[in-house]
Amino acid sequence: MNPKQVTPEEITQTQHNALNLISTIKESEKLNTLESTYSNIKSENIVFRERKKKALIDAQDKVKKMENEFHDDTSISITEPVIVYVDGVFDIIHSGHFNAIRQAKKLCDILYVGVNSDKDVHLAKGPTLMTCDERSILAGACKWCDKVIPDTPYTPNIDLLNQIGAHYAAHGDDISPNEQGVDCYQEIKDQNRMKIFKRTEGISTTNLIGRLLVCGTTENKNLQINYKPLASKFLSTGWRLREFCNEKHPSSEEKVVYIDGAWDCLHVGHIKALEIAKSRGDFLYVGIYDDTTAHTYFGYGNPILSLLERTCNLLALKHVDDVVIGSPRIITEDLIKSLGISLVIGDESLYKDVENTENDPYMIPKKLGIFESIKSLYPLNNDILVKRLFDNKEAFLAKYEKKSLSEEKYYKSKTNETQEI
Ligand code: CTP
Numbered sequence: 042m043n044p045k046q047v048t049p050e051e052i053t054q055t056q057h058n059a060l061n062l063i064s065t066i067k068e069s070e071k072l073n074t075l076e077s078t079y080s081n082i083k084s085e086n087i088v089f090r091e092r093k094k095k096a097l098i099d100a101q102d103k104v105k106k107m108e109n110e111f112h113d114d115t116s117i118s119i120t121e122p123v124i125v126y127v128d129g130v131f132d133i134i135h136s137g138h139f140n141a142i143r144q145a146k147k148l149c150d151i152l153y154v155g156v157n158s159d160k161d162v163h164l165a166k167g168p169t170l171m172t173c174d175e176r177s178i179l180a181g182a183c184k185w186c187d188k189v190i191p192d193t194p195y196t197p198n199i200d201l202l203n204q205i206g207a208h209y210a211a212h213g214d215d216i217s218p219n220e221q222g223v224d225c226y227q228e229i230k231d232q233n234r235m236k237i238f239k240r241t242e243g244i245s246t247t248n249l250i251g252r253l254l255v256c257g258t259t260e261n262k263n264l265q266i267n268y269k270p271l272a273s274k275f276l277s278t279g280w281r282l283r284e285f286c287n288e289k290h291p292s293s294e295e296k297v298v299y300i301d302g303a304w305d306c307l308h309v310g311h312i313k314a315l316e317i318a319k320s321r322g323d324f325l326y327v328g329i330y331d332d333t334t335a336h337t338y339f340g341y342g343n344p345i346l347s348l349l350e351r352t353c354n355l356l357a358l359k360h361v362d363d364v365v366i367g368s369p370r371i372i373t374e375d376l377i378k379s380l381g382i383s384l385v386i387g388d389e390s391l392y393k394d395v396e397n398t399e400n401d402p403y404m405i406p407k408k409l410g411i412f413e414s415i416k417s418l419y420p421l422n423n424d425i426l427v428k429r430l431f432d433n434k435e436a437f438l439a440k441y442e443k444k445s446l447s448e449e450k451y452y453k454s455k456t457n458e459t460q461e462i
């Protein structure tokens, strides 16, 4: 059987069909690719739309927040500079108080510090160890205080803010109730004129009263006092010290003055001595004895404050340019040369028995003719504070017991938190 002869026309037709088939396959592959691209785009579009929706919601929230803030601020019309009023008792002023004043100053251009009157504090909280006059001199000596206002009410109101020209009041986040059991700042809060900052942990007047009670009880062994001695919990981090520091050193033209001491519980005599020392030159270094040195020379129970608590106190004061932390008690020629000191100021009455002997801490500056003696300038020291405490023992103990219990409760309930310490 002869095979079927294929005509040239049939070959052409078959080739044509084959080409058509190839083309159809290619088209179908293209279609598949297109379909998958389309589906990708579609799903990306869904993600995009979700993101767009979320961004829109976030933006709306932000606008709402800004509107609220704007609304808050329209409650008073602020003309620069912003003035804040921070008030308190500031008894035995300490680094927690100074840190409060520092934080309040950050909220404004001009800071007024109100010091509550003796009468009001007595009614609301009980007795104070220092009078309002003493507390005001100490608060006014703080470098972040632009103006001190003595004898202020324990419960401030809007009239007071308007009268002194302050835009806002400020307080730590530990507001206590007044004698009527009411939040002292409620009226000011209701008018959106209140600023709150973080209370500094680890130090309080109550804690210092506890330490003074320990000191006094040891002096007078017959006293039966159920106190809970409180060790210092104040955290002097590098960050804290930096916030308190002036970060400056004297230039070669400046006259450098040096004054040293233990600088325990700050009092008016300390401020007066620093004022005099600063007035004698341009740059004042303050030497602060370490705890062992202070203890050796000032006796049992002293110092009440740790070296770093005393350091923060000194660094917060107007007249202090820088400090020497843990300074030697006997002033050496090396110390004088290293700091470029032109004048040393000292209270010789503390060292009567060693005057002009090799134990005289001021022997070298005396020999160099760069020593000026000052006498105690205000009748206050730890012994007198302890006496004031024990003269009104019952009232102080009642106040101490009440507050130390609430502080203990607070520290027990504390959880981990990241904060400005
Ligand atoms: N303050 C603070 N940190 C502390 C102690 C006080 O921030 N460790 C703040 C208070 O929140 C307030 C101001 O310092 O804004 C003045 O406080 P004050 O009226 O003297 O009273 P207390 O809060 O009772 O201080 P303390 O417990 O030391 O007596």
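Numbering-wise, the sequence shown is residues 42 to 462 according to the working numbering. We put the CB at the ideal spot given by N, CA and C, even for glycine.
Can you tell me where the beta strand (DSSP E) holding Tyr-452 begins and where it ends? Taking the sequence shown and counting its residues from 1, the one referred to as residue 452 is at position 411. Element bounds for Tyr-452: not the beta strand (DSSP E) but the alpha helix (DSSP H), 434 to 453.
Buried or exposed for Lys-166, going by 16 or more other Cβ atoms inside 10 Å? Residue 166 sits at position 125 when you count from the first residue of the sequence shown. Burial call: buried.
Measuring only the C-alpha atoms, how far is Asp-375 from Phe-437? Counted from its first residue, the sequence shown places residue 375 at position 334. Counted from its first residue, the sequence shown places residue 437 at position 396. Approximately 46 Å, taken between the alpha carbons.
Below 6 Å CB to CB, which residues in the same chain sit around Glu-51 once its five sequence neighbours on both sides are set aside? Residue mapping note: residue 51 aligns to position 10 of the sequence shown, counting from 1. Nothing listed; no residue qualifies.
Enumerate in chain order the residues of its own chain whose CB-to-CB distance from Tyr-412 is below 6 Å, with the five nearest sequence positions on each side excluded. Position 371 of the sequence shown holds residue 412. Looking at the sequence itself, residue 412 is Phe, so the reference to Tyr does not match. The residues are Val-385, Tyr-403, Pro-406.
Any non-hydrogen atom of the ligand CTP closer than 7 Å to Ala-357 Cβ: The residue labelled residue 357 in the question sits at position 316 within the sequence shown. No, since every heavy atom of the ligand CTP falls outside the 7 Å radius drawn around the Cβ of Ala-357.
Exposure label - Cys-149; buried when at least 16 CB within 10 Å: For the purposes of this step, residue 149 is taken as residue 108 along the sequence shown, with counting starting at 1. Under this definition Cys-149 is a buried residue.
Would you kindly work out how many angstroms separate the C-alpha atoms of Glu-388 and Pro-344, rounded to a whole number? As a working mapping, residue 388 is identified with position 347 in the sequence shown. As a working mapping, residue 344 is identified with position 303 in the sequence shown. Before going on, a small fix: residue 388 reads as Asp here, not Glu. C-alpha separation (whole angstroms): 18 Å.
Can you tell me whether Ala-335 is buried or exposed? The criterion is at least 16 other CB atoms within 10 Å of its CB, across all chains shown. Looking up residue 335 in the sequence shown gives position 294. Per the 10 Å Cβ criterion, buried.
Using only the heavy atoms of the ligand CTP, determine whether one of them is closer than 7 Å to the beta carbon of Gly-155. For the purposes of this step, residue 155 is taken as residue 114 along the sequence shown, with counting starting at 1. Answer for Gly-155: no, Cβ out of range of the ligand CTP.
Anyone know if the C-beta pair for Cys-186 and Val-154 falls short of 8 Å? Against the sequence shown, residue 186 aligns to sequence position 145. Against the sequence shown, residue 154 aligns to sequence position 113. In contact: Cys-186 and Val-154 (Cβ atoms closer than 8 Å).
Give the DSSP-derived three-state secondary structure of Gly-310 in the structure shown. Position 269 of the sequence shown, counting from 1, holds the residue named residue 310. Correct three-state label for Gly-310: helix.
Kindly examine the ligand CTP and report whether one of its heavy atoms sits closer than 7 Å to the Cβ of Arg-234. Here residue 234 is taken as the residue at index 193 of the sequence shown, counted from 1. Because no heavy atom of the ligand CTP lies under 7 Å away, the Cβ of Arg-234 does not count as near it: no.
Would you tell me roughly how many angstroms separate the C-alpha atoms of Thr-196 and Glu-316, rounded to the nearest one? Your numbering for residue 196 matches position 155 in the sequence shown. Your numbering for residue 316 matches position 275 in the sequence shown. Rounded to the nearest angstrom, the two C-alpha atoms are 33 Å apart.
When you compare each of Asp-424, Arg-281, Asn-219 to Leu-164 by their alpha carbons, which one comes out closest? Taking the sequence shown and counting its residues from 1, one reaches residue 164 at position 123. Checking every option, the nearest Cα to that of Leu-164 belongs to Asn-219.
Out of Asn-198, Asp-323, Ile-151, Trp-280, which has the shortest C-alpha to C-alpha gap to Asp-363? On the sequence shown, position 322 is the one that residue 363 refers to. Nearest option by C-alpha distance: Asp-323.
Output yes or no for whether 8 Å exceeds the beta carbon distance between Ile-205 and Tyr-126. Residue numbering aside, residue 205 sits at position 164 when the sequence shown is read from its first letter. Residue numbering aside, residue 126 sits at position 85 when the sequence shown is read from its first letter. A Cβ-Cβ contact shorter than 8 Å links Ile-205 with Tyr-126.
Cα-Cα separation between Val-223 and Ala-211, rounded to whole angstroms: Numbered from its first residue, the sequence shown carries residue 223 at position 182. Numbered from its first residue, the sequence shown carries residue 211 at position 170. Taking the straight line joining both Cα atoms gives about 17 Å.
Please state whether DSSP places Val-125 in a helix, a strand or coil. Counted from its first residue, the sequence shown places residue 125 at position 84. Reduced to three states, the DSSP call for Val-125 is strand.
Between the alpha carbons of Phe-517 and Leu-202, how many angstroms are there, rounded? In the structure as shown, the chain starts at 42 and stops at 462, and residue 517 therefore has no counterpart that could be examined.
Looking at the structure shown, is Lys-93 part of a helix, part of a strand, or coil, going by DSSP? As a working mapping, residue 93 is identified with position 52 in the sequence shown. Three-state DSSP puts Lys-93 in a helix.
Is the separation between the beta-carbon of Gly-381 and that of Ile-329 shorter than 8 Å? Walking along the sequence shown from the start, residue 381 turns up at place 340. Walking along the sequence shown from the start, residue 329 turns up at place 288. Not closer than 8 Å, so no.
Using alpha carbons as the reference points, say which of Asn-423, Ile-124, Glu-442 lies closest to His-208. Mapped onto the sequence shown, residue 208 falls at position 167. It is Ile-124.
Name the two residues that bound the continuous alpha helix (DSSP H) containing Leu-282. Here the question's residue 282 lines up with position 241 in the sequence shown. First-last of the alpha helix (DSSP H) with Leu-282: 279 to 285.
When the Cα atoms are used, what is the spatial distance from Ser-293 to Ile-377? Within the sequence shown, the letter at position 252 stands for residue 293. Within the sequence shown, the letter at position 336 stands for residue 377. C-alpha separation (whole angstroms): 15 Å.
Span separating the alpha-carbon of Lys-184 from that of Leu-358: Here residue 184 refers to the residue found at position 143 of the sequence shown. Here residue 358 refers to the residue found at position 317 of the sequence shown. Going from the Cα of Lys-184 to the Cα of Leu-358 covers about 5 Å.
In the DSSP assignment, what residue or residues form a beta bridge with Phe-324? Numbered from 1 along the sequence shown, position 283 holds the residue referred to as residue 324. Answer is Val-297.
If we ignore side chains and look at the alpha-carbon of each, how far apart do Val-427 and Gly-302 end up? The residue you call residue 427 lines up with position 386 of the sequence shown. The residue you call residue 302 lines up with position 261 of the sequence shown. Here the alpha carbons of Gly-302 and Val-427 stand approximately 20 Å from one another.
Below 8 Å on the Cβ atoms is my guess for Leu-249 versus Ile-425; work out the distance and round it to an integer in Å. The residue labelled residue 249 in the question sits at position 208 within the sequence shown. The residue labelled residue 425 in the question sits at position 384 within the sequence shown. Taking a contact as a CB-CB distance under 8 Å, the pair Leu-249 and Ile-425 does not count as one, their CB atoms being some 15 Å apart.
Find out if the Cβ-Cβ distance for the pair Gly-17, Leu-430 is shorter than 8 Å. Residue 17 is absent from the model: the chain starts at 42 and stops at 462.
Reduced DSSP secondary structure (H/G/I, E/B, other) of Glu-242: As a working mapping, residue 242 is identified with position 201 in the sequence shown. Correct three-state label for Glu-242: coil.
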